[in-house]
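A.B. asks: Heads up: take any position in the sequence shown, counting from 1, add 55, and you land on the numbering used here. Glycine residues also receive a C-beta, built at the ideal position from the N, C-alpha and C atoms.
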Amino acid sequence: MSGFAQTTPSVLGNANAPWVLDGRAVAENLGVNPETGLNPDEVAKRLSTHGPNRLEETATVPPWKMLLRQFASPLLIILIAGALVSAYTGHWVDAIAIFAIAVFNAFISFWQEYKAEQSLAALREMSAPQAFVRRGGEIVEVPAADLVPGDILRVKAGDILAADLRFVTASRMQVDEAALTGESEPVDKHADPIEDEDVVLADRLNMGFMSTQVTGGAGEGIVVGTGMETEVGHIAALMSSAKEPKTPLQLKIEGLSKVLIMAALIVVAIVIGIGVVNGMDAAEMLNTAISLSVAAIPEGLPTVVTIVLTLGSQNMVASNALARRLSSVETLGATSVICSDKTGTLTQNQMQVMQCWAGGKDWEVTGEGFDPHGEFRSEDGSVAEIEAETDLRQMLAVSAYCNDARMVEADGRPAIQGNPTEGALVVAAAKVGISREKLTEARVEALQQFPFDSTRKMMSVFARLPDGRTVLGAKGAPDVILSRASHVRMAGETLEISPALREEIEAVIDSFGEKALRTLAVAYREVAEEDLDHADPEQRIVLLGIHGIMDPPRSEVPIAVSEATGAGIRTVMITGDHAVTAQAIAEQIGIRTSDAQTVHTGVELDQMSDQDLKEMVQHAAVFARVTPEHKLRIVNAMQENGEVAAMTGDGVNDAPALRAADIGVAMGITGTQVAKDSAALVLLDDNFSTIVTAVREGRRIFDNLLKFIRQALTANVAEVSTILFAFLLMGADPLLPITPLMILWVNLVSDGLPALTLGFEKAEPDLMQRPPRPRDDNLFGGGMKERILIRGTLLGLLTFYVFQEFLERGASLEHAQTAAFMTLIFAQIWHIFDARTTSTLYRKSPLGNRTLLGAVSISILLSLLAIYTGAGHFVLGTVSLPLSHLLGVFFIAALPTLLLSALKEMFGLKWL
């Protein structure tokens with residue numbers, strides 16, 4: 056069980072939770088007299104025992120360590136080693152170029168990590184700076200950090216609670232605990248004991264929690280937890296222990312790095328072995344080893360991955376999804392389960408009257424959210440004529456007048472100022488043109504008001520009507536209103552409530568409850584002037600009707616849930632709300648479609664082992680009344696099952712799970728800063744459908760990264776095999792067909808630039824019909840490994856053939872190397888048009904990616920400058936080729952791609 060039973064047992068000195076005890080017992084356990092408070096000596100003693108009332112600092116990694124850590128990448132280590140060997144052998148241009156590439160890649164990774172904010176810092180900033188406490192019989196203001204268990208804290212509306220409290224007095228007190236418990240409305244607090252020791256955090260109505268805000272009323276409480284012994288401190292500890300998992304892309308790139316390093320070492324060993332057997336000079340073998348190392352590793356891969364992810368993140372921002380960490384962009388594409396909060400994400404976060412019962416009729420209320428446009432429709436579908444429906448009109452008039460909420464405009468849209476449930480009644484009345492303001496203009500005069508409180512569970516107001524009559528209007532919990540009602544309005548008449556009528560009304564209330572509708576009853580009675588001073592005026596009232604209220608699902612959510620299901624992605628609701636409400640919403644939007652999809656509560660999870668939870672989450676659809684520990688356990692169980700889990704959240708209570716999930720998704724509008732800082736993705740519109748849009752974008756990005764990797768590794772295999780063929784086929788005195796700097800040029804300019812534009816490729820048609828990629832899936836499935844090896848080897852063989860052919864025709868070494876250089880460039884440019892699709896280049900229009908065409912044009916232009924300018928001759932060692940030679944290698948270079956693609960088209964061989 057979470058809470059003080061776990062986090063603060065030493066503070067209370069017994070096994071009982073403070074919410075179970077009465078205020079006097081809590082005070083006795085903490086050794087304090089509530090009338091006088093603690094004395095200064097006792098405060099000092101407790102402060103030394105419990106420490107300051109603040110969250111613990113966590114060590115941060117200094118920037119210089121962060122930067123050095125980037126050089127631990129195996130790919131960068133090989134590049135730096137190659138740069139050092141180049142410098143040792145006197146190839147300074149090669150050394151500088153290779154080293155610059157390594158540093159550039161490291162700096163990009165460092166900058167991504169450096170920009171991430173510290174979540175615990177934001178959590179600390181939520182604390183109250185000062186507090187009013189009773190010490191030595193006087194109320195004094197002290198720094199919140201100096202509070203100790205046993206302090207008597209005085210709070211009022213507007214205060215942020217500076218510690219965890221057990222209220223001993225509470226006058227109409229309401230506390231906004233949304234950030235901690237997920238409750239969408241302020242919670243009414245009282246000072247009475249609660250019988251159930253296992254009650255969840257959201258139902259501890261006599262407790263106050265650090266960092267939550269008092270929105271109404273006043274009271275006093277005994278401090279029962281400070282610093283890390285508070286509920287917020289407990290969350291901070293969970294955040295510290297929740298480690299961010301490596302993303303699927305990071306794992307795949309690590310695996311790819313190991314493959315490339317092993318391949319490079321094997322090839323270098325083969326070439327050096329051949330060199331030793333043939334008696335080659337050591338310096339020549341070193342130069343060859345450098346060439347092979349550079350050829351075997353796609354130097355631009357880290358940079359291109361970063362750029363492609365950045366482009367994808369920009370596309371997602373346009374769709375209201377902000378990626379705080381670039382790696383999360385691709386992780387979305389691998390998501391297999393979305394754990395979504397209910398309020399504001401799946402629902403509108405706007406309480407709305409969905410149904411009402413008035414005059415003996417059931418009415419469906421149309422419209423959306425706080426928009427004052429809509430209709431009241433009867434069971435036969437007819438729209439209410441409000442002047443004719445006198446009972447309905449009277450009910451809505453009382454609903455609007457006996458109300459503290461007001462309709463306002465915020466950011467050009469209708470909004471509610473006040474309690475959201477009361478606001479729903481205001482909006483419902485506005486749909487037929489009734490409002491408190493209009494009633495006031497019609498000379499309805501308020502005489503006296505009795506505010507809502509948690510004891511009476513109702514609100515009432517005395518008003519004088521224009522005709523001089525005085526009436527009492529009331530609204531409240533249906534059981535309370537019905538217990539005080541003697542009559543009911545039915546079909547335009549006032550009828551005494553008989554047992555049969557009472558049963559009918561209770562059936563209406565029950566039917567609303569079965570639909571997870573929150574109910575409010577509305578009543579009135581005419582009163583005489585002498586009744587205005589009556590101590591309990593709400594007697595023998597006339598029931599006007601019952602409102603059925605809920606926070607309805609967003610209209611686009613069922614479509615998004617259906618699309619996610621079609622893509623093999625489960626949606627699971629995890630909410631702090633009650634199970635009945637959560638289940639009803641889940642069934643409405645398609646999260647729960649059969650009895651096999653189970654619904655569970657936090658209390659059930661407390662009784663469940665981790666192994667049982669691991670089995671249960673595979674078919675669970677809803678988790679209700681959950682705590683931060685529950686959310687963390689649910690995410691961990693899903694990950695142990697091999698799921699890639701996305702978790703949404705907006706409150707402090709969500710932060711540990713957001714951090715531990717494969718991708719944490721925070722709400723940008725209603726989310727706390729702590730939640731945003733703990734998440735990898737922020738929804739700018741707080742909308743579930745945006746997650747599904749982001750998943751689609753993540754899948755497209757991964758597809759495009761695979762296309763880039765296929766293109767880049769095919770180029771690397773071509774470069775390595777070109778050199779290998781030279782050593783295998785040229786005898787005891789082999790020559791390098793291409794130099795290390797030529798290889799770098801191909802990887803970064805002539806091939807790298809066009810390959811980068813594969814990130815702009817549009818989504819494949821079947822993108823959201825495929826199942827999610829398994830967590831342990833590698834990059835070389837579906838015949839990709841064979842395609843890379845076959846095509847790369849053929850490109851390498853063709854490049855070596857051109858080099859050898861020019862040498863045999865008497866060309867100089869530089870001329871032959873330049874011809875081989877241009878053959879390799881043109882061959883990879885031809886190949887890129889095939890790499891941009893999973894089918895063949897014959898099935899995809901070459902004009903579909905204008906950015907690619909532009910990049911290819913630039914690549915060809917730069918490569919021509921590399922062989923026809925003095926700078927190119929000096930840096931790369933090229934020479935100018937006759938036009939006939941250039942055209943010849945251009946058309947020869949097309950043969951492997953055109954022929955292999957034709958064979959694949961004819962025979963459907965995936966490995967081609």
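Classify phenylalanine 613 as helix, strand or coil using the three-state DSSP reduction.
C.D. replies: Taking the sequence shown and counting its residues from 1, the one referred to as residue 613 is at position 558. For clarity, residue 613 is proline in the given sequence; the question names phenylalanine instead. Proline 613: helix per DSSP, three-state reduction.
A.B. asks: Go to arginine 539, then tell me how far its alpha helix (DSSP H) extends in each direction, as first and last residue.
C.D. replies: Counting from one through the sequence shown, the residue named residue 539 turns up at place 484. Note, arginine 539: alpha helix (DSSP H), 533 to 539.
A.B. asks: For proline 789, which residues of its own chain have a beta-carbon under 6 Å away from its beta-carbon, when the five flanking residues on both sides are left out?
C.D. replies: Here residue 789 refers to the residue found at position 734 when the sequence shown is read from its first residue. Closer than 6 Å at the Cβ level, and outside the excluded window around proline 789, lie Ala781 and Phe782.
A.B. asks: I need the straight-line Cα distance from alanine 177 to glutamate 477, nearest angstrom please.
C.D. replies: To locate residue 177, count along the sequence shown from 1; it is residue 122. To locate residue 477, count along the sequence shown from 1; it is residue 422. Per-residue confidence for alanine 177 stands at a pLDDT of 47, beneath the threshold of 50, marking its modelled position as unreliable; no derived number is given.
A.B. asks: I'd like the list of long-range same chain contacts for glycine 86, defined as Cβ closer than 7 Å, with 5 residues on each side in sequence excluded.
C.D. replies: Taking the first residue of the sequence shown as 1, we reach residue 86 at position 31. Counting only Cβ-Cβ distances below 7 Å, and skipping sequence neighbours, we find Gly205.
A.B. asks: Whole angstroms is fine: what's the gap from asparagine 88's alpha carbon to leucine 256's?
C.D. replies: Locating residue 88 in the sequence shown gives position 33, counting from the first residue. Locating residue 256 in the sequence shown gives position 201, counting from the first residue. Distance between the alpha carbons of asparagine 88 and leucine 256 is about 27 Å.
A.B. asks: Is the separation between the beta-carbon of isoleucine 277 and that of isoleucine 207 shorter than 8 Å?
C.D. replies: In the sequence shown, the residue the question calls residue 277 occupies position 222. In the sequence shown, the residue the question calls residue 207 occupies position 152. Yes, the pair counts as a contact, with Cβ atoms nearer than the cut-off.
A.B. asks: Thinking C-alpha only, which one of Gly943, Ser776 and Leu941 is nearest isoleucine 321?
C.D. replies: Taking the sequence shown and counting its residues from 1, one reaches residue 321 at position 266. Comparing Cα-Cα distances from isoleucine 321 to each of Gly943, Ser776 and Leu941, the minimum goes to Ser776.
A.B. asks: Let's test the definition: count the other Cβ atoms within 10 Å of the Cβ of glutamate 90 and tell me whether it reaches 16, buried, or not, exposed.
C.D. replies: Walking along the sequence shown from the start, residue 90 turns up at place 35. Note on glutamate 90: under 16 other CB atoms within 10 angstroms of its CB, so exposed under the neighbour-count rule.
A.B. asks: Which class does glycine 631 belong to by DSSP, given the choice of helix, strand or coil?
C.D. replies: Locating residue 631 in the sequence shown gives position 576, where the first residue counts as 1. Correct three-state label for glycine 631: coil.
A.B. asks: At a cut of 8 Å, does the stretch 627 to 647 reach the stretch 589 to 598 through at least three beta carbon pairs?
C.D. replies: no
A.B. asks: Specify the secondary structure class of valine 699 as computed by DSSP and reduced to three states.
C.D. replies: Locating residue 699 in the sequence shown gives position 644, where the first residue counts as 1. The answer is coil: DSSP assigns valine 699 none of H, G, I, E or B.
A.B. asks: Excluding the 5 residues preceding and the 5 following lysine 669 in the sequence, name in chain order all residues of the same chain whose CB lies nearer than 7 Å to its CB.
C.D. replies: Along the sequence shown, one-based indexing puts residue 669 at 614. The answer, listed in chain order, is Ala692, Glu695 and Asn696.
A.B. asks: When DSSP labels each residue in this structure, what does serine 515 get in the three-state scheme?
C.D. replies: Your numbering for residue 515 matches position 460 in the sequence shown. Serine 515 falls in the strand class under three-state DSSP.
A.B. asks: Please report the straight-line C-alpha distance between valine 188 and valine 203, rounded to a whole angstrom.
C.D. replies: Within the sequence shown, residue 188 is the residue found at index 133, counting from 1. Within the sequence shown, residue 203 is the residue found at index 148, counting from 1. In a straight line, the C-alpha of valine 188 is about 10 Å away from that of valine 203.
A.B. asks: Just the Cα atoms here: how many angstroms apart are isoleucine 316 and valine 158?
C.D. replies: On the sequence shown, residue 316 is found 261 positions in, with the first residue counted as 1. On the sequence shown, residue 158 is found 103 positions in, with the first residue counted as 1. The alpha-carbon atoms of isoleucine 316 and valine 158 are separated by roughly 19 Å.
A.B. asks: Buried or exposed: which applies to histidine 655, given that a residue is buried once 16 or more other Cβ atoms fall within 10 Å of its Cβ?
C.D. replies: Numbered from its first residue, the sequence shown carries residue 655 at position 600. Label assigned to histidine 655: buried.
A.B. asks: Would you mind sorting threonine 812 into buried or exposed? The rule is 16 or more other CB atoms within 10 Å of its CB.
C.D. replies: Counting from one through the sequence shown, the residue named residue 812 turns up at place 757. Under this definition threonine 812 is a buried residue.
A.B. asks: Take the Cβ of methionine 961 as the centre, count every other Cβ of all protein chains shown within 10 Å, and call the residue buried at 16 or more, exposed below.
C.D. replies: Residue numbering aside, residue 961 sits at position 906 when the sequence shown is read from its first letter. By the neighbour-count rule (16 or more Cβ atoms within 10 Å), methionine 961 is not buried but exposed.
A.B. asks: Give the range of the alpha helix (DSSP H) segment to which phenylalanine 567 is assigned.
C.D. replies: By one-based count along the sequence shown, residue 567 stands at place 512. Where phenylalanine 567 is concerned, the enclosing alpha helix (DSSP H) stretches over 554 to 569.
A.B. asks: For alanine 460, which option in Met450, Leu736 and Ala485 has the closest C-alpha, if you only look at C-alpha atoms?
C.D. replies: Here the question's residue 460 lines up with position 405 in the sequence shown. Comparing Cα positions, the closest option is Ala485.
A.B. asks: Is valine 314 helix, strand or coil when you go by DSSP?
C.D. replies: Within the sequence shown, the letter at position 259 stands for residue 314. Note: valine 314 maps to helix in three-state DSSP.
A.B. asks: With DSSP as the reference, label phenylalanine 929 as helix, strand or coil.
C.D. replies: Sequence index remark: in the sequence shown, residue 929 carries index 874 (1-based). Helix at phenylalanine 929.
A.B. asks: Indicate whether at least one CB of chain B lies closer than 8 Å to the CB of methionine 839.
C.D. replies: Reference to chain B is not applicable here, since this structure consists of a single protein chain.
A.B. asks: Along the alpha helix (DSSP H) that carries glutamine 449, what are the first and last residues, could you check?
C.D. replies: What you label residue 449 is simply residue 394 of the sequence shown in a count that begins at 1. Looking at the DSSP string, the run of the alpha helix (DSSP H) that includes glutamine 449 is 445 to 456.
A.B. asks: With DSSP run on the structure shown, which of helix, strand or coil describes methionine 126?
C.D. replies: Counted from its first residue, the sequence shown places residue 126 at position 71. Looking at the sequence shown, residue 126 is not methionine but phenylalanine. Here DSSP, grouped into helix, strand and coil, assigns phenylalanine 126 to coil.
A.B. asks: Using DSSP bridges, identify the partner residues of aspartate 219.
C.D. replies: In the sequence shown, the residue the question calls residue 219 occupies position 164. Gly280.
A.B. asks: Assuming threonine 104 is part of the alpha helix (DSSP H), what are its boundary residues?
C.D. replies: Taking the sequence shown and counting its residues from 1, one reaches residue 104 at position 49. Counting along the chain, the alpha helix (DSSP H) containing threonine 104 begins and ends at 95 to 105.
A.B. asks: For the pair the stretch 239 to 250 and the stretch 258 to 269, tell me if three or more CB-CB distances fall below 8 Å.
C.D. replies: yes
A.B. asks: For serine 744 versus arginine 714, is the C-beta spacing smaller than 8 Å?
C.D. replies: The sequence position of residue 744 within the sequence shown is 689, counting from 1. The sequence position of residue 714 within the sequence shown is 659, counting from 1. Not in contact: serine 744 and arginine 714 (Cβ atoms no closer than 8 Å).
A.B. asks: Just mark arginine 755 as buried or exposed, buried being the case when its beta carbon has 16 or more other beta carbons within 10 Å.
C.D. replies: On the sequence shown, residue 755 is found 700 positions in, with the first residue counted as 1. Burial call: buried.
A.B. asks: Report, in whole angstroms, the separation of the C-beta atoms of aspartate 709 and threonine 725, which I expect to be a contact under 8 Å.
C.D. replies: For the purposes of this step, residue 709 is identified with residue 654 of the sequence shown, where counting begins at 1. For the purposes of this step, residue 725 is identified with residue 670 of the sequence shown, where counting begins at 1. Not quite, the Cβ-Cβ distance comes to about 11 Å (not below 8 Å), so this is no contact.
A.B. asks: What do you reckon, are the CB atoms on valine 801 and alanine 770 nearer than 8 Å?
C.D. replies: Walking along the sequence shown from the start, residue 801 turns up at place 746. Walking along the sequence shown from the start, residue 770 turns up at place 715. With contacts defined by Cβ atoms closer than 8 Å, valine 801 and alanine 770 form a contacting pair.
A.B. asks: Using a Cβ-Cβ cutoff of less than 8 Å, which residues in the same chain neighbour glutamate 784 once the five nearest sequence positions on both sides are dropped?
C.D. replies: Counting from one through the sequence shown, the residue named residue 784 turns up at place 729. Correcting the residue identity first, residue 784 is leucine in this sequence and not glutamate. Phe855 and Gln859.
A.B. asks: Is the number of C-beta pairs between the stretch 598 to 610 and the stretch 406 to 422 that are closer than 8 Å three or more?
C.D. replies: yes
A.B. asks: Measuring only the C-alpha atoms, how far is valine 75 from isoleucine 624?
C.D. replies: Start at 1 with the first residue of the sequence shown, and residue 75 comes out as number 20. Start at 1 with the first residue of the sequence shown, and residue 624 comes out as number 569. Valine 75 and isoleucine 624: Cα-Cα distance of roughly 42 Å.
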